[in-house]
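Participant: Residue numbers (the working numbering): 35 to 292.
For glycine and all other residues, C-beta sits at the position ideal for the given N, C-alpha and C.
Computed from a predicted model, the values in this text were never measured in an experiment.
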Ligand code: BEZ
């Protein structure tokens, strides 16, 4: 896999909170799999603007939130000043045997190379500690991204296709990487999660929020045309009267450091 380190901070923390709060809402399920206990020390890896870290705090957890995006961490600190948030890439974590659990919702599909992130997560955990994560799996948002790629080709921006920023593994692939790192994999699931993108502009908002790396460097008028074409071509399958539905597919994994 190409290891492209993206150093730009594409994240718009306010747009994320206003239009994409479903990301942390879905994360509530994952907190149940984590089953946090009072006074456990837990790392929330890819904490975004801090909503799930706050939820862990409410369980009595000693939580640290980490995110690569300075914009997101700034917003998290404003919302939850009593939680410790740090800007750090998942592949640069320097913790050693510190956490009872590492928790990660909707983040690891942004992180390359995955082996390095898994190594850092493993090192961060105490012996017997657990890694509980959910993120985009094989085939995630493929209908949307295939159409964006199609338009990039039609508009002669083929080079942008190489900027595909995500890693969407199968559970076979990811479980193997976890085992190679030293984890005992106790759960691996791959499931569909059709996700409503609110309103007539839902797909456009999603592309502007998350797909900006793919459209980087394209003049605004062309970008608008590309997004319009994507909408037109996908309307029949993904628009249902009032809302768009994104073809999310998730993987959920639990591993124990042995
Ligand atoms: C996801 O959460 O699956 C996701 C979000 C943005 C872009 C791609 C995938």
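Using beta-carbon positions only, say whether residue 65 and residue 86 come within less than 8 Å of one another.
Facilitator: In contact: residue 65 and residue 86 (Cβ atoms closer than 8 Å).
Participant: Just checking, does the region 146 to 161 make contact with the region 220 to 231 on the three C-beta pairs under 8 Å criterion?
Facilitator: The region 146 to 161, when compared against the region 220 to 231, does not touch it at the 8 Å Cβ threshold.
Participant: What residues are listed by DSSP as bridge partners for residue 59?
Facilitator: Its beta-bridge partners do not exist; DSSP assigns none.
Participant: Around the ligand BEZ, what residues have a beta-carbon under 6 Å from a heavy atom of it, in chain order?
Facilitator: Listed along the chain, these residues meet the criterion: 140, 143, 170, 174, 175, 200, 244 and 282.
Participant: Is it buried or exposed, residue 131, if we count other Cβ atoms within 10 angstroms and call 16 or more buried?
Facilitator: It is exposed - the Cβ of residue 131 has fewer than 16 other Cβ atoms within 10 Å.
Participant: With the cut-off set at 8 Å, would you say residue 175 and residue 247 are in Cβ contact?
Facilitator: Result no, Cβ atoms of residue 175 and residue 247 do not sit closer than 8 Å.
Participant: Using the Cα positions of residue 256 and residue 250, report the straight-line distance between them to the nearest angstrom.
Facilitator: Looking at the two C-alpha atoms, the distance is approximately 11 Å.
Participant: Hey, is residue 231's beta-carbon within less than 8 Å of any beta-carbon in chain C?
Facilitator: The structure shown contains no chain C; it is built from a single protein chain.
Participant: Under the assumption that residue 169 contacts residue 142 (Cβ atoms under 8 Å), give the Cβ distance between them as a whole number of angstroms.
Facilitator: With 8 Å as the limit, residue 169 and residue 142 qualify as a contact, their Cβ atoms being about 4 Å apart.
Participant: Below 6 Å CB to CB, which residues in the same chain sit around residue 129 once its five sequence neighbours on both sides are set aside?
Facilitator: 158.
Participant: What does the alpha-carbon distance come out to for the pair residue 290 and residue 209?
Facilitator: Their backbone Cα atoms lie some 12 Å apart in a straight line.
Participant: Quick check: residue 285 and residue 261, are their CB atoms within less than 8 Å of each other?
Facilitator: For residue 285 and residue 261, no; Cβs fall outside 8 Å.
Participant: Taking the beta carbon of residue 275 as the centre, do at least 16 other beta carbons fall within 10 Å, making it buried, or is it exposed?
Facilitator: Exposed, by the Cβ-count rule.
Participant: Give, in chain order, every unbroken run of the alpha helix (DSSP H) that is at least 4 residues long and sits entirely within the region 162 to 219.
Facilitator: Counting only runs of 4 or more, we get 176 to 188, 192 to 195 and 205 to 215.
Participant: Looking only at DSSP bridge pairs, what is residue 71 linked to?
Facilitator: Bridge partners of residue 71: none, in fact.
Participant: Who are residue 135's beta bridge partners in DSSP?
Facilitator: Answer by DSSP bridge pairing, in chain order: 76 and 164.
Participant: Identify whether residue 95 lies in helix, strand or coil by the three-state DSSP scheme.
Facilitator: Three-state DSSP puts residue 95 in coil, outside helix and strand.
Participant: When the Cα of residue 196 is compared with those of 183, 166 and 138, which residue comes out closest?
Facilitator: It is 183 whose Cα lies nearest to the Cα of residue 196.
Participant: Should residue 59 be labelled buried (16 or more other beta-carbon atoms within 10 Å of its own) or exposed?
Facilitator: Exposed, by the Cβ-count rule.
Participant: Name the one or two DSSP bridge partners that residue 229 has.
Facilitator: Paired residue(s): 280.
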